[in-house]
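Novice: Numbering (the working numbering), first residue to last: 162 to 360. Structure below; questions to follow.
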């Protein structure tokens with residue numbers, strides 16, 4: 162994959178990437194250009210339960226009661242992001258993957274009268290913070306083998322390489338890293354740490 166156009170793709174941390182902020186992480190890339198890159202780590206759960214956050218926002222959480230907010234990255238850890246499959250919530254939301262939208266405020270949701278969130282008909286992820294890279298930093302890390310690009314397959318039917326867009330919302334965080342590797346034909350159990358591990 163051309164590392165100059167990683168926006169709208171997934172990145173899976175290679176086993177040798179030992180930075181505690183990104184070890185075994187899967188990142189949804191939102192932006193990637195000459196000035197740098199921005200993404201959200203999808204599989205780093207925080208102690209905060211989504212149900213409690215939703216209650217504070219006057220929303221009724223209909224999903225898994227044990228679902229937690231995720232740490233999207235080390236930058237601006239109090240900045241909130243919502244990944245969801247409800248385009249009617251916010252006309253200004255960005256479609257970051259086919260059928261998957263990103264919103265930074267729930268004001269449009271509550272103003273539109275959508276007070277029930279979560280559950281099989283309303284998939285939602287709440288995240289805090291984001292991951293950022295300076296100009297050319299991500300390109301260098303991809304070239305060094307620290308990140309493995311994971312294709313997004315939008316075709317109907319079984320996915321042969323990569324993952325379908327809904328994988329982002331439907332995969333449990335503790336399964337994401339191994340699932341992403343397997344989607345590339347890599348067996349996580351057979352991987353050994355490389356000699357050039359990043360610290």
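From the three backbone atoms N, C-alpha and C, an ideal C-beta is built for every residue, glycine too.
On the three-state DSSP scale, how would you describe residue 347?
Specialist: It is coil, neither helix nor strand.
Novice: What did DSSP end up calling residue 225 once you bin it into helix, strand or coil?
Specialist: Here residue 225 sits in coil by DSSP.
Novice: Bridge partners of residue 174, per DSSP?
Specialist: Answer is 308, bridged to residue 174.
Novice: Would you say residue 212 and residue 226 are within 9 Å of each other, going by their C-beta atoms?
Specialist: Taking 9 Å as the Cβ cut-off, residue 212 and residue 226 qualify as a contacting pair.
Novice: Closer than 8 Å by C-beta to residue 375: which residues in its own chain qualify, once you throw out the five before and the five after it? Chain order, please.
Specialist: Residue numbering for the chain in the displayed model covers 162 to 360; residue 375 lies beyond these limits and cannot be assessed.
Novice: Are there 16 or more other CB atoms within 10 angstroms of the CB of residue 302, so buried, or fewer, so exposed?
Specialist: Per the 10 Å Cβ criterion, buried.
Novice: Per DSSP, what kind of secondary structure is residue 329 in: helix, strand or coil?
Specialist: Helix, per DSSP.
Novice: Within 10 Å of its beta-carbon, does residue 236 have 16 or more other beta-carbons around it, so buried, or fewer, so exposed?
Specialist: Label assigned to residue 236: exposed.
Novice: Where residue 131 and residue 307 are concerned, what is the direct C-alpha to C-alpha distance, given to the nearest angstrom?
Specialist: What is shown of the chain runs 162 to 360, which leaves residue 131 out entirely.
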